[in-house]
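Okay, so here's the structure we're looking at.
2 protein chains.
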Amino acid sequence: MVKTLRLSLDEANRIAESLNYRHEYNTIIAVVQDVETKEILMVGNMNKEAVIKTLTTGYLHLWSLSRNKLWKKGETSGNFQIVEDIKIDCDADAVIIKVKPLGPACHTGNYSCFYRGYNDFINSARM
Amino acid sequence: MVKTLRLSLDEANRIAESLNYRHEYNTIIAVVQDVETKEILMVGNMNKEAVIKTLTTGYLHLWSLSRNKLWKKGETSGNFQIVEDIKIDCDADAVIIKVKPLGPACHTGNYSCFYRGYNDFINSARM
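Protein sequences appear in the order of chains F and R. Mapping the first sequence onto this note's numbering, position 86 (from 1) lands on 86, and the numbers just tick up by one. Heads up: take any position in the second sequence, counting from 1, add 127, and you land on this note's numbering.
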């Protein structure tokens with residue numbers, strides 16, 4: 001059963017205002033973790049707008065550093081990531097977003113973006 | 128039993144050369160995960176030197192953005208993080224470092240830096 005986290009705009013704003021957007025383009029780091037398997041699915045960046053959208057809608061939103069725009073994860077693939085919880089780190093510049101994935105998190109079709117071990121990576125880097 | 132990952136300098140160099148240091152100060156993002164509990168302990172940055180040191184010594188090394196220096200995690204606290212595995216993401220700008228922690232990962236003494244839920248965070252932000 002999915003227990004989607006949806007906060008009020010007031011609560012979301014209060015959290016968003018207190019984070020430390022010290023990373024590039026005024027972002028925090030977001031680590032996306034499967035709430036059931038505890039596997040890490042992907043890492044992205046969030047600006048204040050992405051934090052508020054994520055917390056009020058229950059859908060993972062990120063700030064795309066390469067496309068320089070707000071990005072609702074799954075908007076083209078349909079592989080939305082439903083937010084169940086958030087954890088904030090000690091210096092408030094990184095969060096864990098715990099999700100129920102509705103499909104593969106990776107654009108390659110893999111369940112997780114971290115699908116390569118060091119042997120795979122050495123071999124792929126050789127080609 | 129700790130199965131420390133220690134690669135040869137040649138292997139470590141081959142991995143380090145192929146990563147995409149696109150984040151601030153020519154770094155990748157490193158997510159540190161407890162290999163047993165799968166809890167996420169902390170997030171940091173690694174430059175090429177930190178990657179090579181981590182992979183050849185089996186001790187987590189990071190690049191400190193605030194102190195602008197290489198940082199062997201635990202060098203002052205003794206809470207070293209022993210590296211057991213590494214996973215590389217699809218665009219090679221982030222890694223998971225799977226560790227056996229020898230003590231709390233957080234400078235606050237907490238097991239993980241992500242010890243606050245959103246309610247704790249809202250309340251602490253109010254103070």
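Quick reminder that beta carbons are idealized off the backbone N, C-alpha and C, glycines included.
Next on the checklist: Let me check understanding here. Comparing Cα to Cα, which of F:Val2, F:Ile40, F:Arg14 lies closest to asparagine 110 (chain F)?
Outcome noted: Translated into the one-based positions of the first sequence, residue 110 (chain F) becomes position 110. Selected option, being the one with the closest Cα: F:Ile40.
Item to check | CB contact below 8 angstroms: threonine 235 (chain R) versus chain F | outcome: Here residue 235 (chain R) refers to the residue found at position 108 of the second sequence. Output row for threonine 235 (chain R): interface = yes.
Item to check | Buried versus exposed call for leucine 146 (chain R) [16 or more other C-beta atoms within 10 Å across all chains shown] | outcome: Here residue 146 (chain R) corresponds to residue number 19 of the second sequence, with the count starting at 1. That one is buried.
Checklist entry - When the cut-off is 8 angstroms and only beta carbons count, does alanine 94 (chain F) lie next to chain R? => result As a position in the first sequence, residue 94 (chain F) is number 94, starting the count at 1. Yes - at least one Cβ of chain R is within 8 angstroms of the one on alanine 94 (chain F).
Item to check | Own chain partners of valine 178 (chain R) with C-beta closer than 6 angstroms, once the 5 adjacent residues on each side are dropped | outcome: By one-based count along the second sequence, residue 178 (chain R) stands at place 51. For valine 178 (chain R), where only same-chain residues beyond five positions count, the Cβ hits under 6 angstroms are Ala143.
Checklist entry - Can you find a CB in chain R that lies within less than 8 angstroms of the CB of valine 32 (chain F)? => result Start at 1 with the first residue of the first sequence, and residue 32 (chain F) comes out as number 32. For valine 32 (chain F), no Cβ of chain R is located within less than 8 angstroms of the residue's own Cβ.
Next on the checklist: On a Cα-Cα basis, can you pick out the residue from F:Leu102, F:Gly44, F:Val2 that is closest to aspartate 216 (chain R)?
Outcome noted: Within the second sequence, numbered from 1, the residue matching residue 216 (chain R) stands at position 89. When each option's Cα is compared against that of aspartate 216 (chain R), the closest is F:Gly44.
Checklist entry - Does the beta-carbon of threonine 181 (chain R) have 16 or more other beta-carbons within 10 angstroms, so that it is buried, or is it exposed? => result Counted from its first residue, the second sequence places residue 181 (chain R) at position 54. Per the 10 Å Cβ criterion, buried.
Item to check | Residue-chain proximity (methionine 254 (chain R), chain F), Cβ-Cβ < 8 angstroms | outcome: Counting from 1 along the second sequence, the entry for residue 254 (chain R) is found at position 127. With a pLDDT of only 44 at methionine 254 (chain R), under the threshold of 50, the placement of this residue in the model should not be trusted, and no figure is reported.
Checklist entry - Are the beta-carbon atoms of valine 31 (chain F) and alanine 94 (chain F) separated by less than 8 angstroms? => result Counting from one through the first sequence, the residue named residue 31 (chain F) turns up at place 31. Counting from one through the first sequence, the residue named residue 94 (chain F) turns up at place 94. In contact: valine 31 (chain F) and alanine 94 (chain F) (Cβ atoms closer than 8 angstroms).
Checklist entry - So, helix, strand or coil for arginine 141 (chain R), using DSSP? => result As a first step, residue 141 (chain R) is located in the second sequence; it is residue number 14 there, counting from the start. Helix.
Checklist entry - What alpha helix (DSSP H) runs, 4 residues minimum, are completely inside the region 27-57 of chain F? => result Correct list: 48-57.
Checklist entry - Since glycine 244 (chain R) meets chain F, which of its residues come closer than 9 angstroms, beta carbon to beta carbon? => result On the second sequence, position 117 is the one that residue 244 (chain R) refers to. Within chain F, the residues placing a beta-carbon under 9 angstroms from that of glycine 244 (chain R) are Asp85, Ile86, Lys87, Ile88, ordered along the chain.
Checklist entry - What's the gap between the Cα of proline 104 (chain F) and the Cα of lysine 3 (chain F)? => result The residue labelled residue 104 (chain F) in the question sits at position 104 within the first sequence. The residue labelled residue 3 (chain F) in the question sits at position 3 within the first sequence. Taking the straight line joining both Cα atoms gives about 19 angstroms.
Next on the checklist: By the DSSP assignment, the beta strand (DSSP E) with valine 129 (chain R) in it spans what residues?
Outcome noted: Here residue 129 (chain R) refers to the residue found at position 2 of the second sequence. For valine 129 (chain R), there is no enclosing beta strand (DSSP E), since its DSSP letter is neither H nor E.
Checklist entry - So, is aspartate 161 (chain R) buried or exposed, given that buried needs 16 or more other C-beta atoms within 10 angstroms? => result Here residue 161 (chain R) refers to the residue found at position 34 of the second sequence. A buried status is given to aspartate 161 (chain R), since no fewer than 16 other beta-carbon atoms sit within 10 Å of its beta-carbon.
Next on the checklist: If distances are taken between C-alpha atoms only, which option among R:Cys233, R:Asn140, R:Asn153 comes closest to leucine 197 (chain R)?
Outcome noted: Against the second sequence, residue 197 (chain R) aligns to sequence position 70. Cα-wise, what sits closest to leucine 197 (chain R) is R:Asn153.
Next on the checklist: What does the Cβ neighbour count give for asparagine 174 (chain R), buried or exposed, with the cut at 16 atoms within 10 Å?
Outcome noted: Stepping through the second sequence from its first residue, residue 174 (chain R) is reached at position 47. Answer is buried; the Cβ neighbour count reaches 16.
Checklist entry - Any idea what DSSP makes of serine 64 (chain F), helix, strand or coil? => result As a position in the first sequence, residue 64 (chain F) is number 64, starting the count at 1. Serine 64 (chain F) falls in the strand class under three-state DSSP.
Checklist entry - If you drop the 5 nearest sequence neighbours on each side, which residues of the same chain put their C-beta closer than 8 angstroms to that of glutamate 211 (chain R)? => result Counting from 1 along the second sequence, the entry for residue 211 (chain R) is found at position 84. Leaving aside the five residues that flank glutamate 211 (chain R) on each side, the residues in its chain whose CB is nearer than 8 angstroms to its CB run, in chain order, Val129, Lys130, Thr131, Leu132, Val162, Lys225, Val226, Lys227.
Checklist entry - Excluding five sequence neighbours on each side, which residues of the same chain lie with their C-beta closer than 7 angstroms to the C-beta of serine 64 (chain F)? => result Residue mapping note: residue 64 (chain F) aligns to position 64 of the first sequence, counting from 1. Hits under 7 angstroms: Trp71.
Next on the checklist: On the CB-based measure, 16 or more other CB atoms within 10 Å of its CB, does threonine 235 (chain R) come out buried or exposed?
Outcome noted: Position 108 of the second sequence, counted from the start, is the residue given in the question as residue 235 (chain R). That one is exposed.
Checklist entry - Can a CB atom of chain R be found closer than 8 angstroms to the CB of serine 64 (chain F)? => result In the first sequence, the residue the question calls residue 64 (chain F) occupies position 64. Residue-level contact by beta carbon fails for serine 64 (chain F) and chain R, as no gap is shorter than 8 angstroms.
Next on the checklist: Can you tell me whether leucine 136 (chain R) is buried or exposed? The criterion is at least 16 other CB atoms within 10 Å of its CB, across all chains shown.
Outcome noted: Taking the first residue of the second sequence as 1, we reach residue 136 (chain R) at position 9. Exposed, by the Cβ-count rule.
Next on the checklist: For histidine 150 (chain R), would you say it is in contact with chain F, using Cβ-to-Cβ distances shorter than 8 angstroms as the test?
Outcome noted: Residue numbering aside, residue 150 (chain R) sits at position 23 when the second sequence is read from its first letter. By this cut-off, histidine 150 (chain R) is an interface position.
Next on the checklist: Measuring only the C-alpha atoms, how far is threonine 184 (chain R) from tyrosine 59 (chain F)?
Outcome noted: Sequence index remark: in the second sequence, residue 184 (chain R) carries index 57 (1-based). Sequence index remark: in the first sequence, residue 59 (chain F) carries index 59 (1-based). Between the alpha carbons of threonine 184 (chain R) and tyrosine 59 (chain F) lies a gap of roughly 40 angstroms.
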